[in-house]
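Going by my numbering, the residue at position 50 of the sequence shown is 51; the numbering climbs one at a time, nothing skipped.
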Amino acid sequence: MALRMVVVEDNLLTRELIKEMIECLGHQVVAETDDLATTMAAYQQHKPDGLTIDLSLPKEDGLTILKALREADPNVRAIIVSGNSQARIKEEVLKAGAVDLLPKPIEMATLRACLGKVFPDADNA
């Protein structure tokens with residue numbers, strides 16, 4: 002099964018990299034956003050299988066976006082992306098309802114493993 006994903010990232014190069022990697026794995030990026038309002042709108046419009054959300058965003062942080070998404074849909078599957086993958090940060094994002102923490106810089110093998118763990122029925126080329 003191919004996934005339909007939303008990428009939430011303010012850095013255009015990183016956003017494009019994540020998008021390309023997701024697409025190389027045979028999935029589709031249905032929207033790209035960088036703040037709470039556009040993320041909520043994209044989630045409502047596209048009903049994606051999941052999201053990748055950068056932890057550090059200029060307007061609202063990734064946990065704020067995750068909490069808003071979880072209020073709208075308790076079953077949302079969001080992977081937090083962060084340059085800080087310390088155990089304390091991972092514990093915080095998992096406690097907030099993220100399904101996993103993906104460390105930056107993102108590597109294809111790590112993304113594939115993460116998607117495989119979070120979406121076991123997905124095809125990860």
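Don't be surprised by glycine CBs; every beta carbon is placed ideally from N, CA and C. All values reported here derive from a predicted model rather than from experimental measurement.
Quick one: using the 10 Å Cβ neighbour count with 16 as the cut-off for buried, is residue i buried or exposed?
| i | result |
| --- | --- |
| Cys25 | exposed |
| Leu67 | buried |
| Lys105 | buried |
| Arg89 | exposed |
| Pro75 | exposed |
| Pro121 | exposed |
Would you kindly report the start and end of the unbroken alpha helix (DSSP H) that includes residue i?
| i | result |
| --- | --- |
| Ile66 | Gly63 to Ala73 |
| Val31 | Element bounds for Val31: not the alpha helix (DSSP H) but the beta strand (DSSP E), Gln29 to Thr34. |
| Leu58 | Leu58 -> no alpha helix (DSSP H), and no H or E assigned at all. |
Report yes if the C-beta distance between residue i and residue j is below 8 angstroms; otherwise report no.
| i | j | result |
| --- | --- | --- |
| Lys60 | Leu37 | yes |
| Asp124 | Gly63 | no |
| Ile81 | Ile54 | yes |
Examine the ligand MG and report whether any of its heavy atoms sits within less than 7 angstroms of the Cβ of residue i.
| i | result |
| --- | --- |
| Ala88 | Of the ligands one can find in the structure shown there are none, so the ligand MG has no counterpart to examine. |
In three-state terms, what does DSSP make of residue i?
| i | result |
| --- | --- |
| Glu10 | coil |
| Leu4 | coil |
| Leu95 | helix |
| Val82 | strand |
| Leu52 | strand |
| Leu103 | strand |
Check the C-beta distance from residue i over to residue j and give it rounded, since I have them as a contact under 8 angstroms.
| i | j | result |
| --- | --- | --- |
| Lys91 | Leu102 | 5 angstroms |
| Val9 | Val31 | Wrong, their Cβ atoms sit about 12 angstroms apart, outside the cutoff. |
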